[in-house]
Amino acid sequence: MATLIQKSLPLARTSTPALQFLRYRGKINIQRPKEPHYERARVIAVTHSKYPESPKAKSCFRTRAERTQQQLENPYNEIIAREVRNWLDHSRLVAIFHLNSITADGIFRVRVQLHKQNLHLKSYGSKIIGQAVKGTRYEAILPLFHSNHCIVFSPDQQRTAALLKITRKVPQMVLLGGIVEQTMLSRNELMAFAQMPGLQAAQAQLVQTLNQAAGNLVQQLQAHQNSFVQVLDVHAKGEAEKAAPESTEESV
120 MATLIQKSLP LARTSTPALQ FLRYRGKINI QRPKEPHYER ARVIAVTHSK YPESPKAKSC
180 FRTRAERTQQ QLENPYNEII AREVRNWLDH SRLVAIFHLN SITADGIFRV RVQLHKQNLH
240 LKSYGSKIIG QAVKGTRYEA ILPLFHSNHC IVFSPDQQRT AALLKITRKV PQMVLLGGIV
300 EQTMLSRNEL MAFAQMPGLQ AAQAQLVQTL NQAAGNLVQQ LQAHQNSFVQ VLDVHAKGEA
360 EKAAPESTEE SV
């Protein structure tokens with residue numbers, strides 16, 4: 120009976136649908152998805168939600184000069200600037216170096232070696248340096264601080280040779296110039312100053328030069344008198360030799 124009904128009513132017959140699995144060759148790129156169809160892209164653009172724009176800050180429309188004019192001066196910079204000015208006023212030797220890339224350990228070792236020779240390594244910002252030397256006699260050194268730099272201070276100008284000896288082993292520190300006894304010197308002048316003798320040796324050379332000049336003056340003043348005495352002595356010896364034969368002839 121059941122088979123008869125199934126034959127007469129084919130729709131009443133149950134059948135299992137055939138499943139066919141499809142496998143895509145490539146992977147889906149999430150970062151760069153494939154562009155949708157034109158119609159779909161148009162629908163997506165129309166249905167895209169719009170949010171109200173946030174109000175822009177008024178500071179974005181102001182110029183940099185207007186923004187910097189409203190900045191307050193940091194009182195800490197004034198304190199550091201006074202410290203730099205104090206170092207410049209009380210140091211008889213100031214050396215300015217251009218500082219290339221160097222590790223913190225390397226600059227620490229250099230600072231320790233310099234400190235043993237009564238040399239103090241410091242580093243300040245160009246703004247603080249400009250604030251410290253503006254309107255002073257040190258204003259001529261401002262062009263040396265446009266890049267990364269460091270400064271060495273010392274109360275003894277005779278430490279120049281020791282400074283150059285230590286920094287010669289550190290190629291990252293390039294000497295630009297310095298100030299010795301309130302006089303600005305270039306790199307070559309500073310190296311020439313380091314080769315000069317000490318103050319006591321220079322004083323001894325000066326005394327020797329003055330004594331030599333005085334001795335030469337006395338010798339030149341007495342030269343005519345000595346030559347005249349020598350001429351008279353020779354003349355007297357000649358007269359004595361002439362008188363001796365005459366006296367022998369008279370005795371005979």
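Heads up: the sequence shown runs through residues 120 to 371, numbered per the numbering used here.
Virtual Cβ for every residue (Gly too), placed ideally from N, Cα, C.
Roughly how many angstroms lie between the CA atoms of residue i and residue j, to the nearest whole one?
i: Gln322; j: Leu309; result: 21 angstroms
i: Gln327; j: Glu360; result: 46 angstroms
i: Leu261; j: Ile198; result: 19 angstroms
i: Lys356; j: Gln324; result: 45 angstroms
i: Met303; j: Arg287; result: 21 angstroms
i: Leu218; j: Cys269; result: 6 angstroms
i: Ile149; j: Thr222; result: 43 angstroms
i: Ile147; j: Lys153; result: 9 angstroms
i: Pro155; j: Asp224; result: 58 angstroms
i: His343; j: Ser305; result: 51 angstroms
i: Gln339; j: Gln277; result: 39 angstroms
i: His234; j: Ile226; result: 12 angstroms
i: Gln349; j: Leu329; result: 29 angstroms
i: Asn345; j: Leu336; result: 14 angstroms
i: Thr255; j: Arg204; result: 10 angstroms
By DSSP's criteria, residue i is part of a beta bridge. Which residues make up the other side?
i: Ile215; result: Ile270, Gly296
i: Met303; result: Ile298
Measuring alpha carbon to alpha carbon, tell me which of the options ends up nearest residue i.
i: Met292; options: Glu192, Arg211, Lys241; result: Lys241
i: Ser245; options: His354, Ile215, Ile226, Ala223; result: Ile215
i: Asn267; options: Val252, Ala280, Asn307, Leu294; result: Leu294
i: Asp275; options: Ile247, His209, Arg230, Asn205; result: His209
i: Leu283; options: Ala311, Asp352, Glu192, Val350; result: Ala311
i: Pro194; options: His265, Ile247, Ser273; result: Ile247
i: His265; options: Tyr243, Gln277, Thr279, Gly254; result: Tyr243
i: Ala373; options: Arg278, Gly296, Val162; result: In the structure displayed, the chain extends from 120 to 371; residue 373 sits before or after that span and is not available.
i: Arg230; options: Ser168, Ser273, His354, Arg159; result: Ser273
What do you reckon, are the CB atoms on residue i and residue j nearer than 7 angstroms?
i: Leu238; j: Val271; result: yes
i: Ile285; j: Gln250; result: no
i: Val299; j: Leu212; result: yes
i: Ala281; j: Gln236; result: yes
i: Thr279; j: Ala332; result: no
Problem - Unbroken stretches of the beta strand (DSSP E), 3 residues or longer, contained in the segment 196 to 269 - result: 212 to 218, 239 to 241
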